[in-house]
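Those protein sequences? They're chains A and B, same order as listed.
Residues 122 to 427 in my numbering are what the first sequence spells out, letter by letter.
Residues 34 to 292 in my numbering are what the second sequence spells out, letter by letter.
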Amino acid sequence: MFTARKSRLALIGGIGLAASLVLAGCASSNPLDTPTEDGGESAGSDTIVIGSQAYYSNEIIAEIYAQALENADFTVEREFNIGQRDAYIPDLESGAIDLFPEYTGNLLEFYDDSADVTSPEDVYTALQDALPDGLTALDYAEASDQDTYTVTKEFAAANKLTSIADLASLSEKATIGGAPEFEQRPYGPAGAKELYGVDLAFSATGDTTLESLLAGEIQVADIYSADPAFETEDIVALEDPENLILASNVVPIASSDVADEIADVINAVSAALGADDLVALGVQSTVDEKSPEEIATQWLTDNDLL
Amino acid sequence: MNLFAEALAWLFSPERLEGQYALPVLLGQHLFYTVVSVVIAAVIAVPAGWLIGHTGRGREVAVAISGAARAVPSFGLMVLLVLLLGVLRVPQAATITFVLLAIPSLLAGAYTGLEAIDRRVIDAARATGMTEWQIFWKVEVPLGLPLLVGGLRAATLQVIATVTIAAYVNLGGLGWPIIQGIPLRRFDQVLGGAILVAVLALIADMLLALAQRAAVPAGIRVASRGSRTPRAARRAASAESPSASEDSAATAPSSASPT
Numbered sequence: 122m123f124t125a126r127k128s129r130l131a132l133i134g135g136i137g138l139a140a141s142l143v144l145a146g147c148a149s150s151n152p153l154d155t156p157t158e159d160g161g162e163s164a165g166s167d168t169i170v171i172g173s174q175a176y177y178s179n180e181i182i183a184e185i186y187a188q189a190l191e192n193a194d195f196t197v198e199r200e201f202n203i204g205q206r207d208a209y210i211p212d213l214e215s216g217a218i219d220l221f222p223e224y225t226g227n228l229l230e231f232y233d234d235s236a237d238v239t240s241p242e243d244v245y246t247a248l249q250d251a252l253p254d255g256l257t258a259l260d261y262a263e264a265s266d267q268d269t270y271t272v273t274k275e276f277a278a279a280n281k282l283t284s285i286a287d288l289a290s291l292s293e294k295a296t297i298g299g300a301p302e303f304e305q306r307p308y309g310p311a312g313a314k315e316l317y318g319v320d321l322a323f324s325a326t327g328d329t330t331l332e333s334l335l336a337g338e339i340q341v342a343d344i345y346s347a348d349p350a351f352e353t354e355d356i357v358a359l360e361d362p363e364n365l366i367l368a369s370n371v372v373p374i375a376s377s378d379v380a381d382e383i384a385d386v387i388n389a390v391s392a393a394l395g396a397d398d399l400v401a402l403g404v405q406s407t408v409d410e411k412s413p414e415e416i417a418t419q420w421l422t423d424n425d426l427l
Numbered sequence: 034m035n036l037f038a039e040a041l042a043w044l045f046s047p048e049r050l051e052g053q054y055a056l057p058v059l060l061g062q063h064l065f066y067t068v069v070s071v072v073i074a075a076v077i078a079v080p081a082g083w084l085i086g087h088t089g090r091g092r093e094v095a096v097a098i099s100g101a102a103r104a105v106p107s108f109g110l111m112v113l114l115v116l117l118l119g120v121l122r123v124p125q126a127a128t129i130t131f132v133l134l135a136i137p138s139l140l141a142g143a144y145t146g147l148e149a150i151d152r153r154v155i156d157a158a159r160a161t162g163m164t165e166w167q168i169f170w171k172v173e174v175p176l177g178l179p180l181l182v183g184g185l186r187a188a189t190l191q192v193i194a195t196v197t198i199a200a201y202v203n204l205g206g207l208g209w210p211i212i213q214g215i216p217l218r219r220f221d222q223v224l225g226g227a228i229l230v231a232v233l234a235l236i237a238d239m240l241l242a243l244a245q246r247a248a249v250p251a252g253i254r255v256a257s258r259g260s261r262t263p264r265a266a267r268r269a270a271s272a273e274s275p276s277a278s279e280d281s282a283a284t285a286p287s288s289a290s291p292t
């Protein structure tokens, strides 16, 4: 009886201590707060911290930036594989990350989803206005990773399709597959109807969009233009002469503090990053299974940047 | 306007009744996958559970399998099955996932329902000259029914909540507003979809609770009403009178149903 009470007291005391520790932890740092100085300070003022999304193509571009800067005698710290936009934008805005490969259209959508520009130049201009203070968009590259209206080459040949407008001549109503949110995007099926007069049904094929297209379940697919499938499969993206689709070129987003220092090096990379490069780089990653470091070194050497 | 009000505004907007993803369509898809999956699971799990409960054999195996099955993450299983079966058999892949989710609760409901019956009731039935089939159909099944309906209730609730992920593989359902709303950062839509799933689950749970009450055989209902007060129940339990065993069979569903 006595020992039972004693141990119960000890237990209550233990719980109380644990609770106070937890509460103290809460008081000193809110885990939901934006991390601020920590990253910036530990890296030192001369170090350029480069981030990347948890997306192999993005990581390769980040690695290209990193090696180009190292070649120009900058100290670089790699913070790759951070995840999606919601996860890393706070770090980028706070200056904990100095440089991040981004995509003009998608980033503009993040900051201003009411923008109605679609061509590469207009999107870039709108993005520069939409970016918060402290962030600078360096030159954008010709390479882009954006939505497409893609068909199999067989289907294109059989129906003489070269542009999205040609889909209007199909005898049967075609279905376009894509991520769930594509249905609501201005360049989704409703946009195609308005701009090109093309009537498309929608199917939310999500992660299996390519497989669904190859299986014939859908006739048109929204596949990102940097997808290695454009080289490995017999598919072709339809042209978009009226700029229906939001352009999303690769654009380096830098902290304004370091933007001027690194501009020469990074802009040279952007200038060399051509339209088909991302697909080729992606194939080296997914098919040849090379590491981002190897792929980046190879590309920089091929383009006389290393 | 706070998010909850925005979600309600989203729900009651007239646009929700239009197009490919109108809410009635999504509700129909959600109910379709729920009903089909629970029915298939019942066809598999109930006879198996009854067999285990009647014979008393294979219980350990059933407990182990259904316990392990509960731990399988439905989302991962569904995506894996879609990859294995291919994009043309997505509905089958999703249905298998939901069936596997529903089986443990139904199996447990079926065999615990039979197990909870006092052996003396069965011995008495046997002594009056009933055949094994008669014992099974006239004694074991009716007495085990409340627990079985309890298992059905748990299974249905889990499946309603989980069919939400069907939208991820293009099967629609009430998960669609959630799956589409997250990348668009339209949180009124996400919350609206979540509210719909929760309301549907509550309604289904209420109806099955009524069914569970109705499933208690009339004889037991009379007996348990006699020992409703805690004191009487305690006295009955300590004395292990025949009425106590009936009482436990009748009240077991609320305590033993694996929710």
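For glycine and all other residues, C-beta sits at the position ideal for the given N, C-alpha and C.
Chain A contact for residue i (CB, 8 angstroms cutoff)
i, result
"S281/B", "Bear in mind that the predicted position of S281/B carries a pLDDT of just 42, short of 50, making it too unreliable to give a figure here."
"V230/B", "no"
"V223/B", "no"
"Q125/B", "no"
"F45/B", "no"
"L50/B", "no"
Among the options, nearest to residue i - alpha-carbon criterion
i, options, result
"A42/B", "V72/B, Q222/B, L185/B", "Q222/B"
"G89/B", "L44/B, Y144/B, A74/B", "Y144/B"
"A300/A", "F37/B, G206/B, A200/B", "A200/B"
"V112/B", "A127/B, V192/B, A251/B", "A127/B"
"F323/A", "P124/B, N35/B, R219/B, G52/B", "G52/B"
"L335/A", "G312/A, G298/A, Q174/A, P307/A", "G298/A"
"L134/B", "A38/B, Q191/B, G162/B, R152/B", "Q191/B"
"G205/B", "A234/B, D156/B, G82/B, P124/B", "P124/B"
"R49/B", "V255/B, A247/B, L207/B, R246/B", "L207/B"
"A350/A", "S290/A, E382/A, K274/A, Q419/A", "K274/A"
"L147/B", "R218/B, L60/B, A102/B, V79/B", "V79/B"
"V400/A", "I356/A, V386/A, V379/A, L365/A", "I356/A"
"T195/B", "W209/B, A97/B, L84/B", "W209/B"
"E242/A", "G255/A, D233/A, K411/A, D260/A", "D260/A"
"Q245/B", "R218/B, L235/B, L185/B, R159/B", "L185/B"
"A258/A", "V238/A, P310/A, T422/A, A247/A", "A247/A"
"D238/B", "V174/B, R218/B, I193/B, W83/B", "I193/B"
Test: residue i CB closer than 8 angstroms to a CB of chain B
i, result
"F323/A", "yes"
"Q305/A", "yes"
"E214/A", "no"
"S333/A", "yes"
"S150/A", "Because S150/A carries a pLDDT of 47, less than 50, the predicted location of this residue cannot be relied on, and no value is offered for it."
Within chain A, the residues that residue i reaches when beta carbons sit closer than 7 angstroms
i, result
"I212/B", "P301"
"Q53/B", "F323"
Cross-chain neighbours of residue i in chain B, by beta carbon under 9 angstroms
i, result
"T407/A", "In chain order: nothing, as chain B lies at least about 16 angstroms away."
Listed by chain order, chain B residues near residue i by CB distance under 8 angstroms
i, result
"A336/A", "G119, V120, L121"
Proximal residues of chain A, C-beta to C-beta of residue i below 9 angstroms
i, result
"L217/B", "D234, P301, E302, Q305, R306"
"N203/B", "G298, P301, S324, A325, T326, G327, T329, S333"
Proximal residues of chain A, C-beta to C-beta of residue i below 8 angstroms
i, result
"V115/B", "T329"
Entirely enclosed beta strand (DSSP E) segments - the segment 362 to 391 of chain A, minimum 3 residues: 371 to 376
Contiguous alpha helix (DSSP H) assignments of at least 4 residues, all confined to the segment 196 to 267 of chain A: 206 to 215, 225 to 232, 241 to 251
Where in the segment 274 to 350 of chain A do unbroken runs of the beta strand (DSSP E), each at least 3 residues long, occur, reported from the N-terminal end onward? 295 to 298, 321 to 324
To test your reading of the DSSP string, which unbroken beta strand (DSSP E) runs of 3 or more residues are found completely within the segment 97 to 129 of chain B? none
Any chance you could list the alpha helix (DSSP H) runs of at least 4 consecutive residues sitting entirely within the segment 209 to 260 of chain B, in chain order? 209 to 217, 220 to 247, 251 to 259
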